[in-house]
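Residue numbers (my numbering): 15 to 238.
Here a beta-carbon is modelled for each residue, glycine too, at the ideal position from N, C-alpha and C.
Below is one structure, written out as structure tokens; the observations come after it.
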């Protein structure tokens, strides 16, 4: 292998979007540095298992699993505060209660430190703007601003581009692209509530199922 091969730090949750983003980076010739965050989210164990299986499938040689107890202490999200119910009634008005305050900003900051240490020129994140849940930290303009801040806050010789290859895609297009790249969708997890069988009714499950339906493909994971 070429020791000078270009590297991409891929933020990977174990979900379909971030997994596809990592496979797209590999397809572009990047060596993948896989980064996963445990932040006391409801489906932490399942997401970690998925991440580890996907990293093996990608033949990742360098990976980081980072534990953050900050989000549990913060609360304020149905994903990290068990006293807040995960909504199952469809689209909410405004920013959903499943939004974790500034999560992507914190993740990108930590990924930037790893990228600088590893000499990576790219950070890849699977944010989706158009067909997402309306999270403010998934917006293209925000990610672009974060890229500028990261480059201002790192060494002069460090030049990091944040790639968000899915930002303008719909879920059905994500499903189609994943199948095209032989992404192991059966190893991905999207449900906000359950770790054994997906609930099928939380916002994330709805988006996923609708994407598979629109793409004319059966979702390979198990639902209640």
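- Which partner residues of residue 46 appear in the DSSP bridge assignment? As a position in the chain shown, residue 46 is number 32, starting the count at 1. Secondary-structure assignment with DSSP links residue 46 through a beta bridge to 22.
Return helix, strand or coil for residue 206, following the three-state DSSP convention.
The residue labelled residue 206 in the question sits at position 192 within the chain shown. Secondary structure at residue 206: coil, using DSSP grouped into helix, strand and coil.
If residue 90 sits next to residue 99, beta carbons under 8 Å apart, how far is it from one beta carbon to the other, in whole angstroms?
To locate residue 90, count along the chain shown from 1; it is residue 76. To locate residue 99, count along the chain shown from 1; it is residue 85. Rounded to whole angstroms, the Cβ separation of residue 90 and residue 99 is 14 Å, and the two are not in contact under 8 Å.
Three-state secondary structure assigned by DSSP to residue 159: Working through the chain shown from its first residue, we reach residue 159 at position 145. Secondary structure of residue 159 (DSSP, three-state): helix.
Report task. For residue 51, name the three-state secondary structure that DSSP assigns. Result -> Start at 1 with the first residue of the chain shown, and residue 51 comes out as number 37. If DSSP states are grouped into helix, strand and coil, residue 51 belongs with the strands.
Spatial neighbours of residue 10 in its chain, beta-carbon cut-off 7 Å, leaving aside the 5 residues before and after: The requested residue 10 is not part of the displayed model; the chain covers only 15 to 238.
- [ ] Look at the alpha carbon of residue 122 and the alpha carbon of residue 148, and state the distance between them as a whole number of angstroms.
- [x] Taking the chain shown and counting its residues from 1, the one referred to as residue 122 is at position 108. Taking the chain shown and counting its residues from 1, the one referred to as residue 148 is at position 134. Residue 122 and residue 148: Cα-Cα distance of roughly 19 Å.
Notebook entry, point to check: Is the region 173–193 touching the region 129–145 in the sense that three or more CB pairs, one from each, lie closer than 8 Å?
Noted result: Output reads yes: the region 173–193 touches the region 129–145.
task = Counting only the same chain and skipping the five closest in sequence on each side, list residues whose C-beta sits under 8 Å from that of residue 233.
result = Here residue 233 is taken as the residue at index 219 of the chain shown, counted from 1. Cβ neighbours of residue 233 beyond the five flanking positions: 199, 222, 223 and 226.
Item to complete: Quick one: residues in its chain with C-beta nearer than 6 Å to the C-beta of residue 103, no 5 flanking neighbours on either side, listed in chain order?
Response: Taking the first residue of the chain shown as 1, we reach residue 103 at position 89. Excluding positions up to five away in sequence, the list is empty.
Just how far apart, CA to CA, sit residue 229 and residue 34? One-based indexing of the chain shown puts residue 229 at position 215. One-based indexing of the chain shown puts residue 34 at position 20. Between residue 229 and residue 34, the C-alpha separation is close to 15 Å.
Should the region 192–209 be regarded as contacting the region 154–167, the criterion being three or more beta carbon pairs within less than 8 Å?
Output reads no: the region 154–167 does not touch the region 192–209.
Worksheet item: Taking the runs of the alpha helix (DSSP H) that are 4 residues or longer, which of them lie wholly in the region 72–118?
Response: Qualifying alpha helix (DSSP H) stretches, in chain order: 84–88.
Beta-carbon within less than 6 Å of residue 79's beta-carbon, same chain only, minus the 5 sequence neighbours each way: which residues are those?
Position 65 of the chain shown holds residue 79. Excluding residues within five positions, the ones whose Cβ falls inside 6 Å are 50.
Using only CA atoms, which one of 237, 132 and 31 lies nearest to residue 77?
Your numbering for residue 77 matches position 63 in the chain shown. Closest in alpha carbon position to residue 77, among 237, 132 and 31, is 132.
Q. Going by DSSP, which residues form a beta bridge with residue 138?
A. The sequence position of residue 138 within the chain shown is 124, counting from 1. Residue 138 pairs with 24 and 177.
Using the Cα positions of residue 21 and residue 174, report the straight-line distance between them to the nearest angstrom.
If you number the chain shown from 1, residue 21 lands on position 7. If you number the chain shown from 1, residue 174 lands on position 160. Approximately 11 Å, taken between the alpha carbons.
* To do: Quick one: residues in its chain with C-beta nearer than 8 Å to the C-beta of residue 74, no 5 flanking neighbours on either side, listed in chain order?
  => Position 60 of the chain shown, counting from 1, holds the residue named residue 74. Counting only Cβ-Cβ distances below 8 Å, and skipping sequence neighbours, we find 46, 47 and 48.
Where does residue 212 sit, in a helix, a strand or coil, going by DSSP? Taking the first residue of the chain shown as position 1, residue 212 is located at position 198. Looking at residue 212 - three-state DSSP - the assignment turns out to be strand.
Would you say residue 25 and residue 125 are within 8 Å of each other, going by their C-beta atoms? Here residue 25 refers to the residue found at position 11 when the chain shown is read from its first residue. Here residue 125 refers to the residue found at position 111 when the chain shown is read from its first residue. Yes, they are a contact pair.
What residue from 29, 88, 43 and 97 has the CA that sits closest to residue 66's CA? Along the chain shown, one-based indexing puts residue 66 at 52. It is 29.
Legend entry - Host alpha helix (DSSP H) of residue 217 (start-end): What you label residue 217 is simply residue 203 of the chain shown in a count that begins at 1. Annotation: the continuous alpha helix (DSSP H) that includes residue 217 extends over 217–229.
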